[in-house]
Amino acid sequence: MTNLVFSPSIVNRSVVSCEHHFFNIQRLGDEAAFQKNALRTDARYRILFVSRGEFEYMVDKRKIAIDSLKVGVIKPKHSFTLPQQDVTSGYVLSFSHDFLQLSTGSSALLQSLFLNLGEQDQVQVPKGEHRFLKDLMDRLIFEFNSDSGMKEEVVRGLFQVFASFLNRATSQMNPVSQGKCLRQTKRFFSLLDQNFATLKMPADYAKLMAVTPAYLNNIVKDTLGNTTSYFIQQRILVEAKRLMTYDELNMKEVAYKLGFFDVSHFSKFFKRITGERFTDFKRTIAA
5 MTNLVFSPSI VNRSVVSCEH HFFNIQRLGD EAAFQKNALR TDARYRILFV SRGEFEYMVD
65 KRKIAIDSLK VGVIKPKHSF TLPQQDVTSG YVLSFSHDFL QLSTGSSALL QSLFLNLGEQ
125 DQVQVPKGEH RFLKDLMDRL IFEFNSDSGM KEEVVRGLFQ VFASFLNRAT SQMNPVSQGK
185 CLRQTKRFFS LLDQNFATLK MPADYAKLMA VTPAYLNNIV KDTLGNTTSY FIQQRILVEA
245 KRLMTYDELN MKEVAYKLGF FDVSHFSKFF KRITGERFTD FKRTIAA
């Protein structure tokens, strides 16, 4: 298996970079992570975890203070500046949307996490869990920089634990999480996880939920900004990427796993959603 999900690390190990599945973790204070006055506006999420000390960073010209009892969240397309800090220890994680999708393994968790992170610049860390998170980050960077077998699988598993922690913490901070629309939206994504290979129409999920397709579409769009059709297509696409990347299946095998018994239909679906042919996309991530 090729190393598909990692960018070149700060220790100059021979790690393959892939823009589709980008993930990186660095220590705070390392030159590669903290270039003084560096400004970035790319499409990656960044998470700041401080294990000791405190500092201030800038996001869209807003100054934000962070210490060991907070996790900083920098959303895609937001400009930010990280200062050089000699007295602070911790980590900065950066990852693409695709890596987040492929690592969570659950569209319900993924969409809940997106919604909750979208409301927060920082997540409070309970005192009793700081040591757990520090140990998790220590292990994550160790595995990331290792040459051990099944490295990608271990890193994705550790990252999923961290994502689940963030989801729980942000859900507790966000009172809207108990609203009826959000509960129904989460139910839709739970059903989607269970049935995406067999049910591909919004009306199928509306029937399972005993609501009309229009009502389901409205609550999903109002909550997350996109239609039910969009999320059904994206869930299928995420699984297709997972199967081609980690199970190394060919297009016919992927199509069959996803309930497309006409391979040409799947090929057209994949190109329409991604803008790339299946074979070209697979060649890119394997390069």
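Under the numbering used here, the letters of the sequence shown match residues 5 to 291, in that order. Yeah, the Cβ is synthetic: ideal placement off N, Cα and C, and Gly gets one too.
The bridge partners DSSP lists for residue 27 are 99. By the 16-neighbour rule on beta-carbons within 10 angstroms, residue 165 is exposed. Between residue 84 and residue 70, the CB-CB gap reaches or exceeds 8 Å.
Bounds of the beta strand (DSSP E) holding residue 55 are 49-56. Counting along the chain, the unbroken alpha helix (DSSP H) around residue 218 starts and ends at 217-228.
From the listed residues 269, 252 and 266, the smallest Cα separation to residue 287 is found for 252. Annotation for residue 223: 185, 188 and 189 place their beta carbon closer than 7 Å to its own, counting only its chain and skipping 5 residues before and after. Taking residue 56 as reference, the option from 103, 135, 78 and 66 with the minimal CA-CA separation is 135. Following the DSSP letters along the chain, one finds residue 76 inside the beta strand (DSSP E) bounded by residues 74-78. The C-alpha of residue 151 is placed about 45 Å away from the C-alpha of residue 226.
Listed as beta-bridge partners of residue 61 by DSSP are 68.
Sorting 148, 103 and 172 by C-alpha distance to the C-alpha of residue 127 places 172 at the top. Within a 10 Å sphere around the beta-carbon of residue 255 sit 16 or more other beta-carbons, which makes this residue buried. Residue environment for residue 219: exposed (fewer than 16 other C-beta atoms within 10 angstroms of its C-beta). Counting along the chain, residue 267 sits inside the alpha helix (DSSP H) bounded by residues 267-278. Shown here for residue 208: same chain residues with a beta carbon closer than 8 Å to its own, the five before and five after excluded, namely 199 in chain order. Secondary structure note for residue 127: its beta strand (DSSP E) is the uninterrupted segment 126-128.
Residue 231 sits in coil when the DSSP states are folded into three classes, being neither helix nor strand. Under a 10 Å Cβ-count criterion, residue 282 is classified as buried, with 16 or more other Cβ atoms of the shown protein chains found around its own Cβ. If one requires a minimum length of 4 residues, the alpha helix (DSSP H) runs lying completely within the segment 183-207 are 184-199, in chain order. Residue 108 is not bridged by DSSP to any residue. In this structure residue 92 is buried. Its beta-carbon is surrounded by 16 or more other beta-carbon atoms within 10 angstroms.
Residue 100 places its beta carbon 8 Å or farther from that of residue 167.
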